[in-house]
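A short write-up of the structure that comes next.
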Amino acid sequence: MALTGVLALGLAACGGDDSEGGGGDSSGPIRIGSSLPLTGEFSQPGQAAKQGYEVWQEMVNDAGGLLGREVELVVKDDASNQNTVVTDYNALISQDKVDLLLGTFSSLLNLPASAVAEKNQMLYVEPAGGSPDMFNRGFKYLFFTQQATSNLQGKVFAEWVAALPEDQRPKTAAYPTLDDPFAAPNVAGIQEILEAAGVETVYQETYAIDTKNFDTIVNAMKNADPDLVVHGAQFEDGIGLTRSMLKADFTPGMFYETNAPSFGAQYSDGIGMENTEGVIYAVSHSPEADTPGNAEFVAKYKEMFGTDEVPEDAADGYAAAQVMQAAVEAVGNIDDQEAMASWLRENEVDTILGSLSWDETGAPTGEFLIGQWQNGKPEIVLPADVSTADIEPGWHPGAGG
Amino acid sequence: MTELLQNLLLGLLLGGVYALAASGLTLIFGVMRVINIAHGAFLILASFITYWLWDAFGIDPLLAIVITTPIVFALGWVTYKVVVSPIRTAPMASTVLLTFGLALVVEGAMGEIWGNNSTAVRPSYADESFIFGGLFLPKAQVYGGLIAVVVLVLLWGVLTKTWLGRAIRAAATNPSSAELVGIKVSAVAALVFALGIAAAGAGGAITGVLYPFVPGSHYQWIARLLAIVVLGGLGSLNGAVLGALIFGIAETLTAAYVSPSWATAVPYAIVFLVLLIRPQGLLGTRLREDAVAA
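In order, the protein sequences belong to chains A and B. FYI, the numbering for the first sequence is -10 to 390, going by the working numbering. FYI, the numbering for the second sequence is 78 to 371, going by the working numbering.
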């Protein structure tokens, strides 16, 4: 049986009627706990994810609450630290006694945090933790609410490259990658498809998470002279490596980078708007997408935070909360979290990222969008049926904006 | 051969900036036996001040050093008077804890003022290089390296050629005797702390142009800076410079010839090996057991 978001919304509409029959024995607010990297190295996406949760909280409360009860967020700061995130989730469960959990940001932090939720048999919906390693542990309560795990994130792009006419297809490629449970499988997934298509690997190296200086890596790549660079990055290293490429006057014909290019103005400020033209990346959300509730989310975000730019990570946070909401409303109470997990495994949920569904492990079964910077703004270029512009081969630093 | 020369040059340029950033840390330890864990936080603070001057007033970020450094010097002086001075004679572990707390406070303040978003300072020359003979030398790194040399020479001149420098060295060597000959050791300590922070400020202005940063970036910097000053010998300015150059070159050559994934680990392995052979570091001296803290 596949329930859609229409049903989920329908359940939301009658949620108030269900509150007497479930929702624990409290008539007060439903407390939803999360720990996020609000400071430290991942503070950038962590802050955005918190904004996404807050937009959801306000919209749900404006619509009458969850199961007819007000929703209250309890958000702690894990400072981008794996030990702190474990302490935080233990405290949320045992001291703050939250009713529900939402995940933290990045595979690095969600790996230990999801284990705490699993031990306590609580549903754990995470907005950003797509490493395949998340889903090989036999967990029952874990769900990732983007479209695909990281090893499949670049699949649509790689298949597009592989299908290019031979005279347009890159012959060689370089794969510099952050040593991170998200970035490394992401690049490996692309590399596998491209190698099968005959694109020769001429550079492949992993660098440590605290790498500041990329000049040496870029110098080695420049000597290898690839047609395509596929960079597995978070954010700062994405900016750092791109700037080093510009300094070394190393501008390969095609440039794909994970994560960083989806940060909008922060990315264009970081590398210079004029250098963005043609950069390709995978992205989970488009503010222009015609998905259910997306326009309302975008409008509310702009109203609450006074900016026209809606970060992808805020949308991911909002979508995670939507998924949790759908599971709660389908089950009709907040006590039977095993039933919520079972329901999610068997159903689809319509979110602002599109329709999401999961396999037995909690891994999503969809496909990512592919974005490209064109004329100073990000466009969705693949898959073709949801694209806002045609994909253009080639990176043209100095020509953008 | 060209590739080796390229990597050596990149390593030296990197080491030059490390040297400037680390010099203040070793200076503060040398004079007052305070291991300033907040040093990286002041470095990032200087990067944010540089960003503010560049973004709001259009001041060239490297020329802004003449504004940034005095601001950070003043902050260092106030920090010493308010926070560090009361526990200066406490056991070293207390100063480590105190300055770690101070780093967290500075990080939080930067987050409040500038936000926790990644910030980049990109003047027009930021992504350009001098290119000759198949080699590229990033302009910002060359300018930053030259500024680092100038500031370090000035610092070295102050410490070795002026009355203030003699007073600082006297206060470091034997504070009680220094007091006897009319040196106000507490005033010298405040000045040294402020000078040390100012050196971090100059380093922060340069690193802000070279690398993007967030308030939490200071953890990565303090780890490197501590390793550099321990390698060179705690308290030795020349040692900090030598340690920084070795660190920069080791990092670069490891990335080029071993693997980038080892680039941040191998320099620490070198520190470990050097300390096994020479526990006081390359140019350090054993601490004077008879020195009495003022």
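Positions of the beta carbon are idealized from the N, C-alpha and C atoms, including for glycine.
Would residue 357 of chain A pass as an interface residue toward chain B - the criterion being a Cβ-Cβ separation below 8 Å? Against the first sequence, residue 357 of chain A aligns to sequence position 368. No, residue 357 of chain A does not count as interfacial toward chain B.
The alpha helix (DSSP H) enclosing residue 361 of chain A, as first and last residue numbers: Position 372 of the first sequence, counted from the start, is the residue given in the question as residue 361 of chain A. Where residue 361 of chain A is concerned, there is no enclosing alpha helix (DSSP H), although the beta strand (DSSP E) it sits in stretches over 358 to 363.
Among A/203, A/211, A/348 and A/220, the one whose alpha carbon lies nearest that of residue 166 of chain A: By 1-based counting over the first sequence, the position of residue 166 of chain A is 177. Considering only alpha carbons, the answer is A/220.
Taking one C-beta from the region 243 to 251 of chain A and one from the region 227 to 235 of chain A each time, how about it: are there three or more such pairs within less than 8 Å? yes
Answer yes or no: does any C-beta atom of chain A fall closer than 8 Å to that of residue 263 of chain B? Along the second sequence, one-based indexing puts residue 263 of chain B at 186. Chain A, which has no Cβ nearer than 8 Å to the Cβ of residue 263 of chain B, makes this no.
Buried versus exposed call for residue 17 of chain A [16 or more other C-beta atoms within 10 Å across all chains shown]: By 1-based counting over the first sequence, the position of residue 17 of chain A is 28. So residue 17 of chain A ends up on the exposed side.
On the DSSP letters alone, give me the boundaries of the beta strand (DSSP E) that residue 385 of chain A sits inside. To locate residue 385 of chain A, count along the first sequence from 1; it is residue 396. Note, residue 385 of chain A: premise wrong, no beta strand (DSSP E); not H, not E.
Would you call residue 128 of chain B buried or exposed, if buried means 16 or more other Cβ atoms sit within 10 Å of its Cβ? What you label residue 128 of chain B is simply residue 51 of the second sequence in a count that begins at 1. Counting Cβ neighbours within 10 Å, residue 128 of chain B comes out buried, since at least 16 surround it.
Report all residues from its chain with a CB closer than 7 Å to the CB of residue 168 of chain A; omit the five preceding and five following residues, and keep chain order. As a working mapping, residue 168 of chain A is identified with position 179 in the first sequence. Contacts found: 195, 196, 197 and 198.
Between which residues of its own chain and residue 131 of chain A is the CB-CB distance below 6 Å, once the five residues before and five after are set aside? As a first step, residue 131 of chain A is located in the first sequence; it is residue number 142 there, counting from the start. Closer than 6 Å at Cβ, skipping near neighbours: 103, 113 and 351.
Within 8 Å, do at least three Cβ pairs link the region 150 to 161 of chain A to the region 134 to 141 of chain A? no
CA-CA distance, residue 134 of chain A and residue 163 of chain B? As a first step, residue 134 of chain A is located in the first sequence; it is residue number 145 there, counting from the start. As a first step, residue 163 of chain B is located in the second sequence; it is residue number 86 there, counting from the start. Those two C-alpha atoms are separated by around 52 Å.
Can you tell me which of the three DSSP states residue 25 of chain A falls into? Along the first sequence, read from residue 1 onward, the residue named residue 25 of chain A stands at position 36. Note: residue 25 of chain A maps to strand in three-state DSSP.
CB contact flag (residue 393 of chain A, residue 310 of chain A, <8 Å): What the structure shows of chain A is the stretch from -10 to 390, and residue 393 of chain A is not part of that stretch, so it cannot be assessed.
Distance between residue 83 of chain B and residue 207 of chain B (C-alpha atoms, nearest Å): Here the question's residue 207 of chain B lines up with position 130 in the second sequence. Here the question's residue 83 of chain B lines up with position 6 in the second sequence. Cα to Cα, residue 207 of chain B sits roughly 12 Å from residue 83 of chain B.
First and last residue of the uninterrupted beta strand (DSSP E) at residue 243 of chain A: In the first sequence, residue 243 of chain A corresponds to position 254, counting from 1. Where residue 243 of chain A is concerned, the enclosing beta strand (DSSP E) stretches over 243 to 246.
Please classify residue 356 of chain B as buried or exposed, where buried requires at least 16 neighbouring CB atoms within 10 angstroms. Taking the second sequence and counting its residues from 1, one reaches residue 356 of chain B at position 279. Residue 356 of chain B is exposed by the Cβ-count criterion.
Taking 8 Å as the CB-CB limit, is residue 65 of chain B close to chain A? Any answer about residue 65 of chain B is impossible in this case: the structure gives chain B only from 78 up to 371.
Going by C-alpha distance, which of B/156, B/79, B/286 and B/241 is nearest residue 136 of chain B? Working through the second sequence from its first residue, we reach residue 136 of chain B at position 59. The shortest C-alpha separation from residue 136 of chain B is found at B/286.
I think residue 49 of chain A touches residue 314 of chain A, with their Cβ atoms under 8 Å apart; what is that distance to the nearest whole Å? Your numbering for residue 49 of chain A matches position 60 in the first sequence. Your numbering for residue 314 of chain A matches position 325 in the first sequence. Contact flag correct, Cβ pair sits at about 7 Å.
Alpha carbon to alpha carbon, how far is residue 139 of chain B from residue 62 of chain A? Walking along the second sequence from the start, residue 139 of chain B turns up at place 62. Walking along the first sequence from the start, residue 62 of chain A turns up at place 73. Taking the straight line from one Cα to the other gives about 44 Å.
Using beta carbons (cut-off 8 Å, strictly below), is residue 292 of chain B in contact with chain A? Looking up residue 292 of chain B in the second sequence gives position 215. By this cut-off, residue 292 of chain B is an interface position.
Which residue comes first and which comes last in the beta strand (DSSP E) that contains residue 162 of chain A? Stepping through the first sequence from its first residue, residue 162 of chain A is reached at position 173. Its beta strand (DSSP E) spans residues 161 to 167.
C-alpha distance - residue 317 of chain B paired with residue 306 of chain B, whole-angstrom precision: Here the question's residue 317 of chain B lines up with position 240 in the second sequence. Here the question's residue 306 of chain B lines up with position 229 in the second sequence. Those two C-alpha atoms are separated by around 5 Å.
Counting only C-beta atoms, is residue 82 of chain B closer than 8 Å to chain A at any point? Locating residue 82 of chain B in the second sequence gives position 5, counting from the first residue. Judged by the 8 Å Cβ criterion, residue 82 of chain B is not in contact with chain A.
Taking all protein chains shown into account, decide if residue 204 of chain B is buried (16 or more other Cβ within 10 angstroms of its Cβ) or exposed. For the purposes of this step, residue 204 of chain B is taken as residue 127 along the second sequence, with counting starting at 1. So residue 204 of chain B ends up on the buried side.
Using a Cβ-Cβ distance under 8 Å, would residue 313 of chain B count as near chain A? Your numbering for residue 313 of chain B matches position 236 in the second sequence. Taking Cβ atoms only, chain A never reaches closer than 8 Å to residue 313 of chain B, which makes this a no.
Any beta-carbon of chain B closer than 8 Å to the one on residue 399 of chain A? In the structure as shown, chain A begins at -10 and stops at 390. Residue 399 of chain A is therefore absent and cannot be evaluated.
Please name the residue, chosen from B/266, B/244, B/267 and B/268, that lies closest to residue 257 of chain B on a Cα-to-Cα basis. Counting from 1 along the second sequence, the entry for residue 257 of chain B is found at position 180. Considering only alpha carbons, the answer is B/244.
In chain order, which alpha helix (DSSP H) runs of at least 4 residues are fully inside the region 176 to 202 of chain B? none
Counting only beta-carbon atoms, is residue 204 of chain B nearer than 8 Å to chain A? Here residue 204 of chain B is taken as the residue at index 127 of the second sequence, counted from 1. Closer than 8 Å: yes.
Tell whether a beta-carbon distance below 8 Å holds between residue 88 of chain B and residue 330 of chain B. The count along the second sequence starts at 1 and reaches residue 88 of chain B at position 11. The count along the second sequence starts at 1 and reaches residue 330 of chain B at position 253. For residue 88 of chain B and residue 330 of chain B, yes; Cβs fall inside 8 Å.
Which chain A residues are close to residue 138 of chain B, counting only those with a beta carbon under 7 Å from its beta carbon? Stepping through the second sequence from its first residue, residue 138 of chain B is reached at position 61. Within 7 Å Cβ-Cβ: nothing; residue 138 of chain B doesn't reach chain A, min ~14 Å.
Excluding the five sequence neighbours on either side, which residues of its own chain have a C-beta within less than 7 Å of the C-beta of residue 183 of chain A, listed in chain order? By one-based count along the first sequence, residue 183 of chain A stands at place 194. The residues are 147, 150, 151 and 162.
The region 144 to 160 of chain B touching the region 270 to 280 of chain B, judged by at least three CB pairs closer than 8 Å: yes
Give every residue of the same chain whose Cβ lies closer than 7 Å to the Cβ of residue 148 of chain B, excluding the five residues on either side of it in the sequence, and list them in chain order. Locating residue 148 of chain B in the second sequence gives position 71, where the first residue counts as 1. Closer than 7 Å at the Cβ level, and outside the excluded window around residue 148 of chain B, lie 126.
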